[in-house]
Amino acid sequence: MKRGLQLLRERLDEVLRPYGITSAQLHVLGALDRDPGISGAKLARTCQVTPQTTQVLLRGIEAKGLVIRSPHPENGRILLARLTPSGKRILARSRAALGEIYTQMLDGFADDEVHTLETLLSRCLSNLDAVNQK
Numbered sequence: 001m002k003r004g005l006q007l008l009r010e011r012l013d014e015v016l017r018p019y020g021i022t023s024a025q026l027h028v029l030g031a032l033d034r035d036p037g038i039s040g041a042k043l044a045r046t047c048q049v050t051p052q053t054t055q056v057l058l059r060g061i062e063a064k065g066l067v068i069r070s071p072h073p074e075n076g077r078i079l080l081a082r083l084t085p086s087g088k089r090i091l092a093r094s095r096a097a098l099g100e101i102y103t104q105m106l107d108g109f110a111d112d113e114v115h116t117l118e119t120l121l122s123r124c125l126s127n128l129d130a131v132n133q134k
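Position 15 of the sequence shown, counted from 1, bears residue number 15 in UniProt numbering, the numbering being contiguous throughout.
1) Beta-carbon separation of residue 29 and residue 91 under 8 Å?
2) Residue 36 by DSSP, collapsed to three states: which one?
3) Grouping DSSP H, G and I as helix and E and B as strand, with all else coil, what is residue 21?
4) Are three or more beta carbon pairs between the region 97-104 and the region 8-26 nearer than 8 Å?
5) Any idea if residue 61 is buried or exposed, counting beta-carbon neighbours within 10 angstroms, 16 or more meaning buried?
6) By the DSSP assignment, the alpha helix (DSSP H) with residue 67 in it spans what residues?
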């Protein structure tokens, strides 16, 4: 599994390189798309990284014009992040590239095999979540 994840991340980073983002930055862009105006702290929890890592990722994509941050209306110390139109375009293109990677990865699998794989991986995640909840 570790080798598979490593190959997937390498392939993803290769495909994302022309867009000027990394897989970690793509994860942040996706989270902002699902929850516009999210705080850095909530974004860190969503992306399962430290707040410090989140700030580094946000600064990088903000410098590229993909994200804009503005003060919270009630607490100016909190910055809320949103995708810019450029960020939305890069996210859409990146998701299309990600879809191509998944298609390549599952090449030769029958539909029922893909379903079985998804079911088994989902069970693995559930088991790990249960252990982490203890």
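All C-beta atoms in this analysis are idealised placements derived from N, C-alpha and C, irrespective of residue type, glycine included. No experiment lies behind these values; they were computed from the predicted model shown.
On the basis of the supplied data:
1) Taking the sequence shown and counting its residues from 1, the one referred to as residue 29 is at position 29. Taking the sequence shown and counting its residues from 1, the one referred to as residue 91 is at position 91. In contact: residue 29 and residue 91 (Cβ atoms closer than 8 Å).
2) To locate residue 36, count along the sequence shown from 1; it is residue 36. The answer is coil: DSSP assigns residue 36 none of H, G, I, E or B.
3) Position 21 of the sequence shown, counted from the start, is the residue given in the question as residue 21. Here residue 21 carries a coil assignment [DSSP, helix/strand/coil].
4) Contact holds: three or more Cβ-Cβ distances are below 8 Å.
5) Counted from its first residue, the sequence shown places residue 61 at position 61. By the neighbour-count rule (16 or more Cβ atoms within 10 Å), residue 61 is buried.
6) As a working mapping, residue 67 is identified with position 67 in the sequence shown. According to the DSSP assignment, residue 67 belongs to no alpha helix (DSSP H) but to the beta strand (DSSP E) extending over 67-71.
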